[in-house]
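Numbering (our numbering), first residue to last: 195 to 447. Every residue, glycine too, gets a C-beta built ideally from N, C-alpha and C.
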Amino acid sequence: MKSSKNENLKNFKASEIYNKIQHLALVEKSNPLIIFDLDSTLFDVAPRLEKVLTDIAFEPVMMEKFPSVVPHFKNIRTERRDWGFIEVLHRAGVEHDNLDLFKTVRQFWIEKFFSNEYIHYDVPYQGSVDFVRKIEKLNIPIVYLTGRDVKRMERGSREVLLKWDFPLDDKMSRLVLKPERSMDDALFKRDWIHDHMINFQSPVFLFENEPVNINLIAKELPQVELVFFDSTHSRKETPPEEVFTLVHYLMED
Ligand SMILES: [Mg+2]
């Protein structure tokens, strides 16, 4: 089941994971639940980050306080591995050791990045829509379990999932967000999955990019089948070595 470090089987193909899920559903009839994280798991948030930072340069207070820095914002280009804005600004030549600048950018970044409006700039990773649709066709329940919170991001999250044609019918495919933004992402996800597993004795798959979340669930809910989506993460922890690892969702290679 789990890959062996010695056999160098760390990276899996989407088709292998899909076949496993299909087998559980159709042959073993074990009624699995498939859980997907959103940010940096189904959706590449780099375009959102780029738009947020580009727009911050147009905030009047930026030009008033940091006139020599603002022109560098036009050089901003985000990449798949970017996390937060510090490295992005650094690459663009923005001097961010200035604490006042950092605090000002951070305040705007929080307002914009975690908003119903800016998540419209997210783009699904290659093959992700088709992959989730294929799982839907197996008549398997799907949950999007995200650290986004209801107040700031529920409306936009629904809009963006539907815009890109991800299944979301509130029956077999549901969106679950944090009720409060202050909640810890990993604990929220662990508790939600734990509560589900108490009520349903069925296999659970979690597709997730954040090692902090994966490591907590691997430790406390070892029955969960974890799929590490290798895009970007907070770098607070390293991903476990012996879980399925995906870099895209394309089925054909
Ligand atoms: Mg994520």
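Can we count residue i as close to ligand 1, meaning its CB is less than 7 Å from some heavy atom?
| i | result |
| --- | --- |
| D316 | no |
| T235 | yes |
| E404 | yes |
| D249 | no |
| D363 | no |
| E238 | For the sequence presented, residue 238 should be read as Asp rather than Glu. Outside the cutoff, so no. |
| D424 | no |
| D231 | yes |
For the putative contact between residue i and residue j, defined by C-beta atoms under 8 Å, what is the C-beta separation to the nearest angstrom?
| i | j | result |
| --- | --- | --- |
| A240 | D276 | 6 Å |
| S425 | S234 | 5 Å |
| V337 | V370 | 6 Å |
| N399 | I215 | Before going on, a small fix: residue 399 reads as Phe here, not Asn. Yes, they are in contact, since the Cβ atoms of F399 and I215 sit about 6 Å apart, within 8 Å. |
| Q320 | L444 | 6 Å |
| E330 | P373 | Going by Cβ atoms, the distance from E330 to P373 rounds to 26 Å, so no, they are not a contact pair. |
| L440 | I280 | Incorrect: roughly 27 Å between the Cβ atoms, too far for contact. |
| R342 | L232 | 7 Å |
Where does residue i land, buried or exposed, given buried means 16+ other C-beta within 10 angstroms?
| i | result |
| --- | --- |
| D359 | exposed |
| M347 | buried |
| E404 | buried |
| K383 | buried |
| L243 | buried |
| S351 | buried |
| I387 | buried |
| F423 | buried |
| A208 | buried |
| N202 | With a pLDDT of 39 at N202, under the threshold of 50, the modelled position of that residue is not reliable, and no figure is offered here. |
Closest by CA to residue i, which one among the options?
| i | options | result |
| --- | --- | --- |
| F308 | P318, P335, T340 and M257 | T340 |
| S376 | V344, P416, E289 and R349 | V344 |
| E273 | M445, F252 and V317 | V317 |
| N407 | S396, I392, L283 and S428 | S428 |
| K245 | E281, K259 and K306 | K306 |
| I313 | L355, I334 and Q301 | L355 |
| I334 | I228, K207 and A208 | I228 |
| V450 | E289, L381 and I270 | Here the chain has residues from 195 to 447 only, and residue 450 is not among them. |
| L415 | F230, M391, E402 and L440 | M391 |
| N393 | P265, P226 and L220 | P226 |
| D389 | V418, K328 and H266 | V418 |
| F252 | W303, H217 and G278 | W303 |
| D385 | I411, S262 and S322 | I411 |
| R327 | H217, D363 and T298 | D363 |
| V288 | S262, N409, P433 and V255 | S262 |
| N450 | S396, E436 and K223 | The chain is shown from 195 up to 447; residue 450 falls before or after that span and cannot be answered. |
| E402 | T298, L218, F230 and K223 | F230 |
| L381 | K357, P397, S396 and K413 | K413 |
Mind checking whether the beta-carbon of residue i lies closer than 7 Å to any heavy atom of ligand 3?
| i | result |
| --- | --- |
| D359 | In terms of ligand content, the structure shown lacks ligand 3 and carries ligand 1 instead. |
Let me know the alpha helix (DSSP H) ranges lying completely inside the region 311 to 345, each 4 residues or longer, listed in chain order. Unbroken alpha helix (DSSP H) stretches of 4 residues or longer found wholly inside the region 311 to 345: 322 to 331, given in chain order.
Which ranges would you report for the alpha helix (DSSP H) in the region 356 to 437 if only whole runs of at least 4 residues count? Complete alpha helix (DSSP H) runs here, min 4: 379 to 393 and 405 to 414.
Output the residue ranges of the alpha helix (DSSP H) runs that lie fully inside the region 223 to 276 and measure 4 residues or longer, sorted by chain position. At a cut-off of 4 residues, the continuous stretches assigned as alpha helix (DSSP H) that sit fully inside the region 223 to 276 are 240 to 250 and 254 to 259.
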